[in-house]
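Asker: So the mapping is simple: this note's numbering equals the position in the sequence shown, first residue as 1, plus 669.
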Amino acid sequence: MKPVWIVVALAVVVVAVAWLVRAHRADRPPFPIPGERVPAKVEVLNAVGIDGLARDATLRLRARGFDVVFFGNAGIDTLTETRVVARRGNTALAREVQEALGVGVVADAEDPRLLLDVTVLLGRDALPALSRGP
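(1) From the DSSP output, in three-state form, read off A716 for me.
(2) How many whole angstroms separate the CB atoms of V772 and T751, which I take to be in contact at a CB cut-off of 8 Å?
(3) Looking only at its own chain, which residues have a Cβ that is under 7 Å from the Cβ of A743, when we skip the five neighbours before and after it?
(4) For V711 versus L785, is the C-beta spacing smaller than 8 Å?
(5) Between which two residues does the beta strand (DSSP E) carrying D786 extend?
(6) Go ahead and pull the three-state DSSP assignment for V711.
(7) Relative to the C-alpha of R756, which residue among A687, F739, D777 is closest?
(8) Please work out which residues of its chain come closer than 7 Å, Cβ to Cβ, to R724, disregarding the five sequence neighbours upstream and downstream, and give them in chain order.
(9) Out of curiosity, what's the CA-to-CA distance linking R793 and I719?
(10) Pick out whichever of P703, W674, V775, G758 has its Cα sitting closest to the Cα of P781.
(11) Whole angstroms is fine: what's the gap from V677's alpha carbon to V683's?
(12) What residue does the alpha helix (DSSP H) around D804 start on, and which one ends it?
(13) May I ask you to report which of helix, strand or coil DSSP gives L799?
(14) If we ignore side chains and look at the alpha-carbon of each, how far apart do V737 and A709 end up?
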């Protein structure tokens, strides 16, 4: 009788593992389709010290399909002109972010340590542009 229980227990373990593997795969996106656009990974940093500015820019960018993975303060509060920085050399993508914000200048400062496509440093010129809402 013991061998039957061992076989049943092994069958339950195999079914449970198969179910877990299938559930895990369902969480992952399928292989990318050639030509399908993957959202740009963006960080938004407030460089003027005005509360809520980075959040407002984040809402605008997310509404336009960008993946804002972080927003917060830049550690400075004196920037007058918004900078949209290409972190992986794709200035065309940085230009799309700049157009979605409606403000700023595009710069290229690659940093392979960052897992980002674009960094936005919000300056004082972003205040009127972001006051119009998302």
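Yeah, the Cβ is synthetic: ideal placement off N, Cα and C, and Gly gets one too.
Answerer: For this structure:
(1) Position 47 of the sequence shown, counted from the start, is the residue given in the question as residue 716. Here A716 sits in coil by DSSP.
(2) Counting from 1 along the sequence shown, the entry for residue 772 is found at position 103. Counting from 1 along the sequence shown, the entry for residue 751 is found at position 82. T751 and V772 do touch by the CB rule: their CB atoms are close to 5 Å apart, below 8 Å.
(3) Counting from 1 along the sequence shown, the entry for residue 743 is found at position 74. Correct list, in chain order: L714, N715, A716, L790.
(4) Locating residue 711 in the sequence shown gives position 42, counting from the first residue. Locating residue 785 in the sequence shown gives position 116, counting from the first residue. Yes, they are a contact pair.
(5) Working through the sequence shown from its first residue, we reach residue 786 at position 117. Note, D786: premise wrong, no beta strand (DSSP E); not H, not E.
(6) Against the sequence shown, residue 711 aligns to sequence position 42. Look at V711 here: in three-state DSSP terms it is strand.
(7) Reading the sequence shown from its first residue, position 87 is the one you call residue 756. Looking only at A687, F739, D777, the smallest Cα-Cα distance to R756 is reached by D777.
(8) On the sequence shown, position 55 is the one that residue 724 refers to. Answer for R724: F740, listed in chain order.
(9) Counting from 1 along the sequence shown, the entry for residue 793 is found at position 124. Counting from 1 along the sequence shown, the entry for residue 719 is found at position 50. Put simply, the backbone Cα of R793 is about 9 Å away from that of I719.
(10) Counting from 1 along the sequence shown, the entry for residue 781 is found at position 112. Taking each of P703, W674, V775, G758 in turn and checking the Cα distance to P781, the smallest one comes out for G758.
(11) The residue labelled residue 677 in the question sits at position 8 within the sequence shown. The residue labelled residue 683 in the question sits at position 14 within the sequence shown. The alpha-carbon of V677 is positioned some 10 Å away from that of V683.
(12) This structure gives no information on residue 804, because the portion of the chain shown stretches from 670 to 803.
(13) Mapped onto the sequence shown, residue 799 falls at position 130. In the structure shown, L799 sits in a helix (DSSP, three-state: H, G or I).
(14) Numbered from its first residue, the sequence shown carries residue 737 at position 68. Numbered from its first residue, the sequence shown carries residue 709 at position 40. Between V737 and A709, the C-alpha separation is close to 8 Å.
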